[in-house]
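In what follows, a structure is listed as structure tokens, so that the remarks can point back to it.
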Amino acid sequence: MSRLVLKYPDPVVTGENGHGALFDIPPQSAPVIPSTLQTEWEQLQSALRTRLTGEVTMTCHPHRIGHRGCVSLCFQGEQGRTDVLITVSGRAQFPQKEDYRSPRWYIDVADMVDALYLVLWLGTLGEASPATDNGG
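Per this note's numbering, the very first residue in the sequence shown carries number 24; after that it's consecutive.
Listed below in structure tokens is the structure:
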């Protein structure tokens, strides 16, 4: 059985402002997230862990809405369910604090790199310790 893992499971926080993207991901380096988005990143993480208990299954469905690429994610815990729609819109935006009361959350990302990293990272949240491959 094969398993897809992130080479760098956690982004490095930088004091620099972002360039409209969620992550700056240089070749052969860990992703970097601007400190201005770190709070939203942690809020998303906390909201998912609060809402979903026990073993969590993430179902992923890439598709298009109009001309925009999207990924629908359905998180189903032993108790709790949340749907997340990630849309490539050219900008990075997380749900607002009050949006986390809703069963469906919307996240905008700048490009495919942001979308892919975010989907893969969200897939590790249910694990006790994310599987990584820090080798070359």
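Where is the CB? At the ideal position from N, CA and C, for every residue including glycine.
query                                                                                                                                                            : result
Among ARG26, SER25, LEU29, GLU63, which one has its Cα closest to the Cα of GLU160?                                                                              : The structure shown has nothing for residue 160, since the chain only spans 24 to 159.
From THR5 to SER52, what distance separates their C-alpha atoms?                                                                                                 : Absent from the model: residue 5. The displayed extent of the chain is 24 to 159, so no value can be given.
Within its chain, find whatever has a CB closer than 8 Å to the CB of ASN157; leave out the 5 residues flanking it on each side and keep chain order.            : Summary for ASN157: the model assigns pLDDT 43, below 50, so the residue's position carries little reliability; its value from the coordinates is reported in the next sentence. For ASN157, where only same-chain residues beyond five positions count, the Cβ hits under 8 Å are LYS30, TYR31.
Can you find at least 3 beta carbon pairs, one from the stretch 30-49 and one from the stretch 69-86, that sit closer than 8 Å?                                  : no
Is any non-hydrogen atom of the ligand ADP found closer than 7 Å to the C-beta of THR37, if you look at the structure I gave you?                                : Only the bare structure without any ligand can be found here, which leaves the ligand ADP out of the picture.
Looking only at its chain, what residues have a beta carbon closer than 7 Å to the beta carbon of TYR140, apart from the 5 residues adjacent to it on each side? : PHE46, ILE48, PRO54
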